[in-house]
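Before any comments, here is the structure.
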Amino acid sequence: MPQYLPSVKYLHKILRCEPDTGKLFWRERTPDMFSDVDPERRQAKCEQWNAKYANRPALYHLKDRHFVGRIDGTVHYAHRVLLAMYQNRWPTGKVRHLNKDTTDNRRKNLHEIPRPEIEIRQDEDGQGWTIGFKPRYTTRRPVLYTGR
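Each residue of the sequence shown is one higher than the last, beginning at 4 in the numbering used here.
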């Protein structure tokens, strides 16, 4: 099942990012952002939400050495959200931390690696075709020692 990805415009509306530190903070919300609540209760719900979350860290829970959190009920990795906000588009490939510290989400530390290209090649017997991904790393064949 595909994951829900909010628009980047929406991310900028609800989150504030600091590129120098790689941290995300919740922005204050307005009553119109609570469309799932009865119109009479929107103002109260908005004030309650702002008192609890506004200007506080967002997506800061650690899971598998990465910061994660929920946006509209869906879990997102902070580094992917930050890169989406930096680039104004969601990353389509993997996101790599250049200094190997997965908690360091500064702009200069995040790099998108494109998805591997699909490779179509003829089978060794020449009878069929194989569709697959280009190998990420090439490995050397073992050298057989003949005793000479």
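Yeah, the Cβ is synthetic: ideal placement off N, Cα and C, and Gly gets one too. The structure presented is a predicted model; accordingly, all values stated were derived computationally and were not measured.
Among the bridge pairs identified by DSSP, residue 94 is matched with none. A check of alpha carbon separations from residue 62 across 112, 86, 28, 111 identifies 28 as the nearest. Three or more beta-carbon pairs drawn from the segment 17 to 36 and the segment 91 to 110 are found closer than 8 Å, and the two stretches are therefore classed as touching. Remark: C-beta atoms of residue 72 and residue 64 approach each other more closely than 8 Å. In this structure the segment 48 to 59 touches the segment 32 to 40; the number of beta carbon pairs closer than 8 Å is three or more. Between residue 69 and residue 105, the beta carbon gap of about 5 Å places them in contact (Cβ cut-off 8 Å).
The beta carbons of residue 11 and residue 99 sit no closer together than 8 Å.
Counting along the chain, the unbroken beta strand (DSSP E) around residue 115 starts and ends at 113 to 116. If you check the CB distance, residue 87 and residue 14 come in under 8 Å.
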